[in-house]
Amino acid sequence: MLRLAGRETPAPAMDAGAMHDRAQPRQAPQLFAQGVSLAQLVRLFTGIAWLIWGVYWYSNSARAGAAPLIAVVLAAAGLAAIPAGVLARSADAAQRLDRLLFAGTAAIIVLTVVSASSWSAIGTDELPYDQFAAGALLHGLNPYAQSYLPLLRQLGIGGGTVTLHGALVPWIAYPALSFLLYVPGVAALGTDSYAASATDALFWVAGAALLWKLAQPQLRCWITLLFGSSLLLAPIIGGDTDALYIPFLVVALWKWDRFADPDERGVWRWIGPVALGVACSIKQTPWLLLPYLAIGVALEARSRGGLWWRQPARYLGIAAAVYLVPNLPFIAWNPSLWAQRTLLPFTGGLAPVGPGPVGLIRAYGWGGGELALFTLAALLAMGAAAALLVARYRELKAILPMLPMPGIFLSTRPFTSYFLFAIPGLVACALSVRATSPRLSTRWTRWAWRAGAAAACAALVAVALGLVARAPFDIAVIASNASGATFTATARVTNVSAHATTPAFVVTQQASPREPLLVLSGPSSLGPGASAIYRFSAQATGYTPHPGDNFQVIAMSTGPDAMSVSPIAVVPAS
466 MLRLAGRETP
476 APAMDAGAMH
486 DRAQPRQAPQ
496 LFAQGVSLAQ
506 LVRLFTGIAW
516 LIWGVYWYSN
526 SARAGAAPLI
536 AVVLAAAGLA
546 AIPAGVLARS
556 ADAAQRLDRL
566 LFAGTAAIIV
576 LTVVSASSWS
586 AIGTDELPYD
596 QFAAGALLHG
606 LNPYAQSYLP
616 LLRQLGIGGG
626 TVTLHGALVP
636 WIAYPALSFL
646 LYVPGVAALG
656 TDSYAASATD
666 ALFWVAGAAL
676 LWKLAQPQLR
686 CWITLLFGSS
696 LLLAPIIGGD
706 TDALYIPFLV
716 VALWKWDRFA
726 DPDERGVWRW
736 IGPVALGVAC
746 SIKQTPWLLL
756 PYLAIGVALE
766 ARSRGGLWWR
776 QPARYLGIAA
786 AVYLVPNLPF
796 IAWNPSLWAQ
806 RTLLPFTGGL
816 APVGPGPVGL
826 IRAYGWGGGE
836 LALFTLAALL
846 AMGAAAALLV
856 ARYRELKAIL
866 PMLPMPGIFL
876 STRPFTSYFL
886 FAIPGLVACA
896 LSVRATSPRL
906 STRWTRWAWR
916 AGAAAACAAL
926 VAVALGLVAR
936 APFDIAVIAS
946 NASGATFTAT
956 ARVTNVSAHA
966 TTPAFVVTQQ
976 ASPREPLLVL
986 SGPSSLGPGA
996 SAIYRFSAQA
1006 TGYTPHPGDN
1016 FQVIAMSTGP
1026 DAMSVSPIAV
1036 VPAS
């Protein structure tokens, strides 16, 4: 109580919350009052990635003399980058750190990809064949007419691309730029050098630098982390050559919806089909984007008035002309040979491989009697994606590079690299296309929805039929042995189909057939209901089983294309 002028005046009431706050001790101000931003976490994870690459180099210290030193440098740099990623809070500091992280990541990429090639890390015929083709061209030979399989074996690389006839593909099967881009490096360093690996690394870094420069500053830290990811670098280290077309794919998909737009004043008004034509001249994967880009360009042109078909025709014409420039000399050299080689991935005859539904044949022995059903499912899925693009163009234009993926997934050869190397193009597309887009009439969208749904359902039915179509052979492994430089096996094979079939045999201990088996004894063909004992052998490679390993014997056949799989067997331990 307060006493004023002889009167007692009650003290002012105090809010209970204020009394509680006054009772609490004063808190020190927080250094990061707003917390840690997502961009700071990305920079932190980039430092962790550097640390992991240091561990990778340390684990390979026995293979390269400088590996321990590089491991220490990378580990130290990673430990410094982790706190720096959190402490860089101002815009200027963040941009300086982003430049340092990108430069460091680029150096790691080049150093790792080039050095790994000297550690026999290459597990595919793709990169060696292209490098050999560049060497053949430098000697005045037609690269498409040469067999490179003996050279592959000289490098100690086992396996390869298996056909349904049980043979390994011995030649290149890509457009001309797939090896022309290696010619400068091979001319300078030689065919037995790491020229191709170095070229792949430089093109991967070029694609990263291009997308890093095009992206908004606040997003650049993500580009560094993406391109330095071991998930994306692993296929490049293993010999995939998709890195060559990444810079051109980024250009082709950046603002692709601005093609022939009179309101666009920059190079994006015309450069898209030029870059896509170059990308298509390297590998066949970018070919799959052509129908979707043509649909998108047609819809954009329709919204601006005029003939809707003129701009997509112009787009495809420019891309085709650019594609022909590097390929025309080889077409003139031997047109039928060039067509046979470059169309091989689409004309069939290759063994199924990949993590799609077709992989269930090998894993569980399901179906396998009609591989053409998976090709049909892939075509239907791609058609469904095209119809859905028309129906939901506004939403799907930003993810256009992913539209071929359902079809690839359902095909007979859904390589993981197809999905991984679509990511840079997806990022370029999503960051640059306009949010606004033309809308079709309800009648058009309704028909597109119906067509897309029907095609998608038909694709699923085709896959289901492919997984229940009985394979033509029952295979039971009786004996096996792996000693020295040879793997041998004996199996009973029974033809359960209604017609005589000629099998070709392959052994696998992984997810895909990679090593053909030489038949030592057994008939070349089996009639309906016939059974025979086959003895096989194969030269020991990294793809043949060793004592204690699981393996399967696979019988390939044609007419119709089919794959028969044995139950899992085990090589006896020596």
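Letter by letter, the sequence shown follows residues 466 to 1039 in this note's numbering. Beta carbons: idealized from backbone N, C-alpha and C, even for Gly. This one's a predicted model, so the numbers in the text were calculated from it and none came from an experiment.
Determine the closest residue to VAL762 out of ALA893, GLN975, ALA717 and ARG806, with distance taken between C-alpha atoms. If we check each option's Cα against that of VAL762, ALA717 comes out closest.
Of the choices GLY832, PRO794, LYS720 and ALA804, whose alpha-carbon is the least far from that of TRP636? Here the closest residue by C-alpha is ALA804.
Own chain residues within Cβ distance below 8 Å of PRO494, not counting five before or after: With a pLDDT of only 47 at PRO494, under the threshold of 50, the placement of this residue in the model should not be trusted; the figure read from the coordinates follows. Apart from sequence neighbours up to five positions away, no residue of its chain approaches PRO494 with a beta-carbon distance below 8 Å.
Reduced DSSP secondary structure (H/G/I, E/B, other) of SER768: Helix at SER768.
For GLN1017 and VAL984, I'd like the C-alpha separation in whole angstroms. If I take the Cα positions, the gap works out to 15 Å.
Name the residue from ILE873, SER801 and PRO794 whose alpha carbon lies nearest to the alpha carbon of PRO817. Of ILE873, SER801 and PRO794, the residue nearest in Cα terms is ILE873.
Proximal residues to PHE886 (C-beta, below 6 Å), its chain only, five neighbours per side dropped: Here the set comprises ASP707.
Starting from ILE736, follow the alpha helix (DSSP H) in both directions and report where the run begins and ends. If you look at ILE736, you'll find it in the alpha helix (DSSP H) that goes 736 to 745.
State the DSSP-derived secondary structure class of VAL627, mapped to helix, strand or coil. VAL627 carries a strand assignment under DSSP once its states are collapsed to helix, strand and coil.
Which residue from PHE795, ILE622 and LEU684 puts its Cα closest to that of SER582? Ranking PHE795, ILE622 and LEU684 by Cα distance to SER582 puts ILE622 first.
Rounded to whole angstroms, what is the Cα-Cα separation between VAL575 and LEU667? If you take the alpha carbons of VAL575 and LEU667, they lie about 7 Å apart.
Check whether the region 539 to 555 and the region 505 to 515 touch, using three or more Cβ-Cβ pairs below 8 Å as the test. Three or more beta-carbon pairs drawn from the region 539 to 555 and the region 505 to 515 are found closer than 8 Å, and the two stretches are therefore classed as touching.
So the alpha helix (DSSP H) TYR647 belongs to, where does it begin and stop? First-last for TYR647: undefined, no H or E at that position.
With a cut-off of 8 Å on the beta carbons, I'd call PRO727 and LEU675 a contact; round off their distance for me. Going by Cβ atoms, the distance from PRO727 to LEU675 rounds to 26 Å, so no, they are not a contact pair.
I'd like the span of the alpha helix (DSSP H) that includes ASN792, first residue to last. For ASN792, the enclosing alpha helix (DSSP H) has its first and last residue at 775 to 798.
Selection from SER906, SER643, ARG859 and LEU503 that minimises the alpha carbon distance to ALA661: Of the residues SER906, SER643, ARG859 and LEU503, the one whose Cα lies closest to the Cα of ALA661 is SER643.
For ARG1000, which residues of its own chain have a beta-carbon under 8 Å away from its beta-carbon, when the five flanking residues on both sides are left out? So the list reads THR953, ALA954, THR955, VAL984, LEU985, SER986 and GLY987, once near-sequence residues are dropped.
For ILE826 and PRO993, I'd like the C-alpha separation in whole angstroms. Distance from the CA of ILE826 to the CA of PRO993, rounded to the nearest whole angstrom, comes to 22 Å.
What residue from ASP590, LEU614, ILE940 and GLY693 has the CA that sits closest to ILE998's CA? Out of ASP590, LEU614, ILE940 and GLY693, ILE940 has the C-alpha closest to the C-alpha of ILE998.
Give a yes or no on contact between the region 894 to 910 and the region 771 to 785, applying the rule of three or more CB pairs nearer than 8 Å. Too few Cβ pairs lie closer than 8 Å, so no.
Cross-strand partners of MET1028 (DSSP beta bridge): Answer is MET1021.
When you compare only the Cα positions, how much space is there between GLY834 and LEU845? Each residue's alpha carbon lies about 20 Å from the other.
Please classify GLN1004: does DSSP put it in a helix, a strand, or coil? The answer is strand: DSSP assigns GLN1004 an E or B state.
Find the nearest neighbour of LEU617 within the set HIS604, LEU645 and GLY588, judged by alpha-carbon distance. Nearest option by C-alpha distance: GLY588.
Which value, in whole angstroms, describes the spacing of the CA atoms of ALA786 and GLY742? So the two alpha carbons sit approximately 8 Å from each other.
Please tell me whether ALA601 and THR807 are closer than 8 Å, where the distance is taken between their beta carbons. Contact: no.
Status (buried if at least 16 other CB within 10 Å, exposed otherwise) for TRP719: A buried status is given to TRP719, since no fewer than 16 other beta-carbon atoms sit within 10 Å of its beta-carbon.
Would you mind reading off the limits of the beta strand (DSSP E) that contains ARG957? From DSSP, the beta strand (DSSP E) with ARG957 extends over 951 to 960.
Can the beta-carbon of VAL648 be found closer than 8 Å to that of ALA610? ALA610 is positioned such that its CB atom lies no closer than 8 Å to that of VAL648.
In the DSSP output, which residue or residues are listed as bridge partners for THR973? Answer is GLN1017, bridged to THR973.
From the DSSP output, read off the bridge partner residues of VAL1035. Answer is ASN1015.
GLY482 burial status per 10 Å Cβ neighbour count (16 or more: buried): With a pLDDT of 47 at GLY482, under the threshold of 50, the modelled position of this residue cannot be trusted; read the value that follows with caution. With fewer than 16 other Cβ atoms within 10 Å, it is exposed.
Check whether the region 840 to 859 touches the region 908 to 921, taking contact to mean three or more Cβ pairs, one atom from each stretch, closer than 8 Å. By the Cβ test, the region 840 to 859 is in contact with the region 908 to 921, since at least three Cβ pairs between them sit closer than 8 Å.
Hey, PRO640 and ILE796 are a contact pair by Cβ (cut 8 Å); roughly how many whole angstroms apart? Not really, about 10 Å apart at Cβ, beyond 8 Å.
May I ask you to report which of helix, strand or coil DSSP gives THR706? Look at THR706 here: in three-state DSSP terms it is coil, with no helix or strand label.
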